[in-house]
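Quick notes on the structure that follows.
Residue numbers (our numbering): -6 to 87.
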């Protein structure tokens, strides 16, 4: 089921775990989720979001240092400028 995760979003005191067809609400912090997940498959892209690298289909600059990531299901999530370098180094290796 972990490979089916698309994104995990903070919504204190919970996280919302987005799968392809379902959402789950789980009582945890984003930091604790980040520590449980494989850092070769999942990466923090914003202070409130973790993404499954295998679910990202494209990256597009917003022109201000931030980027939009298109997810395989057609959704868009924001990649904050502070996470760009680490994201690109892992995503281009996938």
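The beta-carbon is built from N, C-alpha and C at its ideal position, and this holds for glycine as well. The model shown is predicted, which means the values in this text are computed figures rather than measured ones.
Using a Cβ-Cβ cut-off of 8 Å (strictly less than) and excluding sequence neighbours within five positions of residue i, which residues of its own chain qualify?
i: residue 7; result: 18, 19, 20, 21
i: residue 16; result: 9, 10
i: residue 70; result: 0, 38, 39, 42, 44, 61, 62, 64
i: residue 73; result: 38, 39, 40, 59
Taking Cβ to Cβ, would you say residue i is nearer than 9 Å to residue j?
i: residue 11; j: residue -1; result: yes
i: residue 50; j: residue 65; result: yes
i: residue -3; j: residue 13; result: yes
Measure the alpha-carbon distance for residue i versus residue j and round it to whole angstroms.
i: residue 1; j: residue 77; result: 18 Å
i: residue 27; j: residue 58; result: 24 Å
i: residue 86; j: residue 29; result: 21 Å
i: residue 48; j: residue 5; result: 24 Å
i: residue 53; j: residue 25; result: 29 Å
i: residue 46; j: residue 67; result: 15 Å
Report buried or exposed for residue i, applying the criterion of at least 16 other Cβ atoms within 10 angstroms of its Cβ.
i: residue 38; result: buried
i: residue 80; result: buried
i: residue 35; result: buried
Sorted by chain position, which residues of the same chain lie with C-beta nearer than 6 Å to residue i's C-beta, five sequence neighbours on each side aside?
i: residue 3; result: 23, 41
Leaving out the 5 sequence neighbours to the left and right, which residues in its chain are closer than 7 Å to residue i when beta-carbon positions are compared?
i: residue 55; result: 61
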